[in-house]
Amino acid sequence: MSSTNPETTSSKRKAPDDRVASKAAPAQAIHFTARSPPWTYLKLQLVHQPGTSTAVQSQPLDPLTARTYINSALSQFLGLSGTAISIDILKILPEVPQPKPTDKFIWVRVPRQDAPTVVAAVSSWIGGGTGGGSVGSVAWRVCAKGNYLGALTQGSGEDLFAP
């Protein structure tokens, strides 16, 4: 006579055994790759044209002025529709006045589909100063562009959000 295993022929389900659940293997790590991230990050440098006073070059760039310069570039490049592009200012350096002229950097986030337009607009823009000869003209230089902030800051990105 053949012996059958009662576990395979039984139609009843057993209650889960707590001893087996506690000895289960740890959960596997989940890997995720974003193929089309929603944002593009830009690192821009504000460049003062020759003839700008050192006092103006030593002053920090404030968020309102930075946004005005970027909106002016977009407006000049695309008209009114250019100013509708969403731009988030993430960080501006330096934050305090410097004793001598220094480089002024800004990190911005723009929608991925608008990034080529923003790059073209800011890289071709030269803003005229309204304060006479002491202010001079300014322009944007695109230092870096990337879909991931960590890659843009050449590291972990922790220094970008440091207080």
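970 is the number of the first residue of the sequence shown in the numbering used here; add one for each residue after it.
Backbone N, C-alpha and C fix where the C-beta goes; we use that ideal spot for every residue, glycine too.
| query | How should G1051 be labelled, buried or exposed, when 16 other C-beta atoms within 10 angstroms of its C-beta is the threshold for buried? | reply | buried
| said: Here's the rule: buried if 16 or more other CB atoms are within 10 angstroms of the residue's CB, otherwise exposed. What is I1039? | reply: buried
| said: Could you tell me the alpha carbon to alpha carbon distance between P1084 and L1047, rounded to whole angstroms? | reply: As written in the sequence, residue 1084 is Ala, which differs from the Pro given in the question. One C-alpha to the other measures close to 13 angstroms.
| query | Just the Cα atoms here: how many angstroms apart are L1062 and H1017? | reply | 15 angstroms
| task | Name the two residues that bound the continuous beta strand (DSSP E) containing Y1117. | result | Here Y1117 belongs to no beta strand (DSSP E), and DSSP marks it neither H nor E.
| request: Return yes when the Cβ of L1049 is within less than 8 angstroms of the Cβ of W1076, no when it is not. | output: no
| Which stretch, first to last residue, makes up the alpha helix (DSSP H) that contains V1065? | Taken as a continuous stretch (DSSP letters only), V1065 belongs to no alpha helix (DSSP H), as it is neither H nor E.
| According to DSSP, is R1081 helix, strand or coil? | helix
| message | The beta strand (DSSP E) that contains T1009, what's its start and end? | response | W1008 to H1017
| message | Run through the DSSP bridge pairs and tell me what D1057 is partnered with. | response | R1078
| field | Where G1096 sits in the DSSP three-state scheme | value | strand
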